[in-house]
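Student: Residue numbers (the numbering used here): 101 to 250. Just so you know, even glycine gets a beta-carbon here, dropped at the ideal spot from N, CA and C. Computed from a predicted model, the values in this text were never measured in an experiment. Below is a structure I'd like to ask you about.
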Amino acid sequence: MRKVIHHLSFGVFSGTFIGLMISFVISWRVGLGKYYPGTPTFMAQFDTELEALGWSIILWSVIGMMFSLASLIYEKDNWSILKQMSIHFISTYIGLLSLNLMLNWFSYTLRDWLEFTIIFIIIYATIAFISMMRVKLSLDKINEKLNKKE
């Protein structure tokens, strides 16, 4: 239970930070000096920018918690890495897609869904590749130390 609370807490802070940074960069590039915590369709659901920001923070926290809790899948030692990655990918994809659709972060068109899916796959694959390389380097160092002891 303590591990779950830790993951939830970490998810709130990391999700909020990442969401804030992404919205800042997007606003900086296209906002013409204004800050937008979401898409025009998302923003239209609220009376003020402050209300939209408040809900954005809550939603970024939910996303962070979802990804942080999903990382617990990788602690299932009796599952293969393929099974872990598949279940993690599917659960995070469905969770993020659901939030995107509920909050009107993109339109309900095939083009938007495909664009979201491709971007998600690229980001997921990049993070997975980097993570696998980090684990490989760590294992190489451990093996090197073990070989020196022999």
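Classify Gln184 as helix, strand or coil using the three-state DSSP reduction.
Tutor: Counted from its first residue, the sequence shown places residue 184 at position 84. Taken through DSSP and simplified to helix, strand or coil, Gln184 comes out as helix.
Student: Pull up the distance between the alpha-carbon of Ser186 and that of Ser231, whole angstroms please.
Tutor: Stepping through the sequence shown from its first residue, residue 186 is reached at position 86. Stepping through the sequence shown from its first residue, residue 231 is reached at position 131. Rounded to whole angstroms, Ser186 to Ser231 spans 15 Å at the Cα level.
Student: Within the continuous alpha helix (DSSP H) that includes Glu175, where are the two ends?
Tutor: For the purposes of this step, residue 175 is taken as residue 75 along the sequence shown, with counting starting at 1. Where Glu175 is concerned, there is no enclosing alpha helix (DSSP H), given that its DSSP letter is neither H nor E.
Student: I'd like to know whether the C-beta atoms of Ile158 and Gly115 end up nearer to each other than 7 Å.
Tutor: Indexing the sequence shown from 1 puts residue 158 at position 58. Indexing the sequence shown from 1 puts residue 115 at position 15. In this structure, Gly115 does not lie closer than 7 Å to Ile158 by Cβ.
Student: Here's the rule: buried if 16 or more other CB atoms are within 10 angstroms of the residue's CB, otherwise exposed. What is Ala152?
Tutor: Along the sequence shown, read from residue 1 onward, the residue named residue 152 stands at position 52. It counts as buried.
Student: Using only CA atoms, which one of Ile173, Asn204, Leu172, Thr217 lies nearest to Tyr193?
Tutor: Within the sequence shown, residue 193 is the residue found at index 93, counting from 1. The candidate whose alpha carbon is nearest that of Tyr193 is Thr217.
Student: Just the Cα atoms here: how many angstroms apart are Asn200 and Asp240?
Tutor: The sequence position of residue 200 within the sequence shown is 100, counting from 1. The sequence position of residue 240 within the sequence shown is 140, counting from 1. Inter-residue distance for Asn200 and Asp240 is about 40 Å (C-alpha atoms, whole angstroms).
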